[in-house]
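Participant: Got a structure for you, questions after.
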Amino acid sequence: LLFDWVQCSVLARATQYGCISIFFVEFQMHFARDYSGTAWIHSLVDCTTMLCAPLGSLIGNHLSCRVAVILGGFLASIGLVLSSFATSLEYLYLSLGVLTGLGFALCYTPAIAMVGIYFCERKSLAYGIAMSGSGIGTFILAPVVQMLIEHYSWRGALLILGGLVSNLCVCGALLRPITLKEEEACPLPVDSECGYSTKPLVAISPAEEKQLEAERSKQQRDSKQRCLQSMQEYHFLLMPDFLVLAGSFLFLASGCSLPFVYLVPYALDVGVSHHHAAFLMSILGVIDIVGNITFGWLTDRRCLKKYRGICYMVAVGMEGLCCFLIPLLHTFALLVPFSVLYGYFDGAYVALIPVVTSDVVGTTYLSSALGVVYFLHAIPYLVSPPIGGKWQQLHMHSLSEAFMSEKYRILTEGFKEHFL
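Sequential numbering of the sequence shown, starting at 995, is according to this note's numbering.
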């Protein structure tokens, strides 16, 4: 059961987090733009994905996850194909940033939410596997995309990537719901010559009439209950625990995407070759997978299940601590340990985001809660990379230190207040 849902999140995360950053330098050189202008592409992809996450939840809840994923795969594929014909960065802002990001949003949230519904006992491990897509993307797809760029240029690489992402439609077609829906009765056609009426054609007794009235009253009560359930779908927004958790996610998103955007440009600026810079992303990716799975497995142990929030806080704190050292790392040999440590703790905290959210709101409202959680990532994802680009231009090597130190300080204080 896990495979059907995991393949959607893996492919979406692999393309979004593991591949698009490889095009950063190519876009910058081709369009002769600075760091800040080029970074808006990655910002828009992340922002649109997170901003439209509630839309993915809404379609998944009211239609089906199958419809959401197929539609999202189609939009993401079209966005990548159209991006291969780009004539300016503004064109890429719309095609790659908005259209592809919208497609990823429709695929990502329903797939992640369903993993939490399917699994109870091994929830952290299941999420660790499902969230490993970013690691798979950086480990496998990053070198492949770099090779495609060298052989077919960035336009050809985007075109091939669009064909790969179209497989999300196939993944969506394979999704199976937990329960089968009952077939609804087809309404009878009505015209001027033929019709039907709900009024009885024969006389009924007073007892039968009372029974019909009782049934109608029951239907009205059921309708009111469905309305109340719709209102209660987002009642967790008033929970103090969720508000604290949401605030921590808001600050977390301000810095967590920067190393994925700027690791390759930073490595090139300090003299690392293109192949070694891409290899750093591969290291980051494979260790990210290890962090996803091993940390998920560890927090499923009986001794740590009650302390998942503290484990999450430790992972985020260690990730920020790794980034404090970035200004001192000027060679490939020094950047390798950074990629290992940052990749592991990044995988650890990413795997625990839906787990901690589920512990707070429960599995019933998990899909809606994840939509809100990822929505909170939108604005930080939009503004952080361009601001980081300005920092990179004005104060070389201080970008990650400035953002990650702030993220670490605020997040640690927030989680200490919540869990300790």
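Every residue gets a Cβ at the ideal spot worked out from N, C-alpha and C, and that includes glycine.
Taking Cβ positions, are cysteine 1163 and isoleucine 1064 nearer each other than 7 Å?
Facilitator: Yes. Within cutoff.
Participant: Quick check on the burial criterion: 16 or more other C-beta atoms within 10 angstroms. Buried or exposed for histidine 1056?
Facilitator: Answer is exposed; the Cβ neighbour count stays below 16.
Participant: For leucine 1152, I'd like the list of residues in its chain whose CB is within less than 7 Å of its CB, leaving aside the five on either flank, ordered along the chain.
Facilitator: The answer, listed in chain order, is Leu1074, Ser1077, Ser1078.
Participant: Quick check: the Cα distance between leucine 1090 and leucine 1322, rounded to an integer number of angstroms?
Facilitator: Near 34 Å, if we compare the C-alpha coordinates of leucine 1322 and leucine 1090.
Participant: Got a sec, what are the start and stop residues for the alpha helix (DSSP H) aspartate 1294 sits in?
Facilitator: Looking at the DSSP string, aspartate 1294 is not in any alpha helix (DSSP H), and its letter there is neither H nor E.
Participant: Ends of the alpha helix (DSSP H) at tyrosine 1306?
Facilitator: That run of the alpha helix (DSSP H) goes 1302-1318.
Participant: Which residue comes first and which comes last in the alpha helix (DSSP H) that contains tyrosine 1146?
Facilitator: Here the alpha helix (DSSP H) through tyrosine 1146 covers 1136-1159.
Participant: Tell me the rounded alpha-carbon separation between arginine 1060 and isoleucine 1347.
Facilitator: Answer to the nearest angstrom: the Cα atoms are 23 Å apart.
Participant: Suppose you measure from the CA of threonine 1293 to the CA of tyrosine 1336; what does that come to, to the nearest Å?
Facilitator: Roughly 19 Å between the two C-alpha positions.
Participant: When burial is assigned at 16 or more other CB atoms within 10 Å of the CB, is threonine 1103 buried or exposed?
Facilitator: With 16 or more Cβ atoms within 10 Å of its Cβ, threonine 1103 is classed as buried.
Participant: To the nearest angstrom, report how far apart histidine 1269 and leucine 1319 are at their CA atoms.
Facilitator: Each residue's alpha carbon lies about 23 Å from the other.
Participant: Kindly list the residues whose CB is nearer than 6 Å to the CB of glutamine 1022, restricted to its own chain and excluding five residues on each side of it in sequence; keep chain order.
Facilitator: Excluding positions up to five away in sequence, the list reads Thr1032.
Participant: With H, G and I counted as helix, E and B as strand and the rest as coil, what does DSSP make of valine 1266?
Facilitator: Note: valine 1266 maps to coil in three-state DSSP.
Participant: What does the Cβ neighbour count give for aspartate 1282, buried or exposed, with the cut at 16 atoms within 10 Å?
Facilitator: It is buried - the Cβ of aspartate 1282 has at least 16 other Cβ atoms within 10 Å.
Participant: Hey, out of Ser1378, Ile1106, Asp1028, Met1275, whose CA is closest to tyrosine 1368's CA?
Facilitator: If we check each option's Cα against that of tyrosine 1368, Ile1106 comes out closest.
Participant: How would you write the range of the alpha helix (DSSP H) that histidine 1036 sits in, first residue to last?
Facilitator: Residues 1029-1045.
Participant: Can you list, in chain order, the stretches of the alpha helix (DSSP H) that have 4 or more residues and sit fully within the region 1051-1135?
Facilitator: Within the region 1051-1135, the complete alpha helix (DSSP H) runs of at least 4 residues are 1059-1077, 1083-1086, 1094-1112, 1117-1124, 1127-1130.
Participant: Please determine, among Val1019, Ser1362, Cys1041, the residue with the shortest C-alpha to C-alpha distance to valine 1139.
Facilitator: It is Val1019 whose Cα lies nearest to the Cα of valine 1139.
Participant: When we look at the beta-carbon of threonine 1325 and count the other beta-carbons within 10 Å, is it buried (16 or more) or exposed?
Facilitator: The residue in question, threonine 1325, is exposed, as its Cβ has fewer than 16 Cβ neighbours within 10 Å.
Participant: For tyrosine 1087, which residues from the same chain have a beta carbon less than 8 Å from its beta carbon, with the 5 sequence-adjacent residues on both sides left out?
Facilitator: Trp1034, Ile1035, Leu1038, listed in sequence order.
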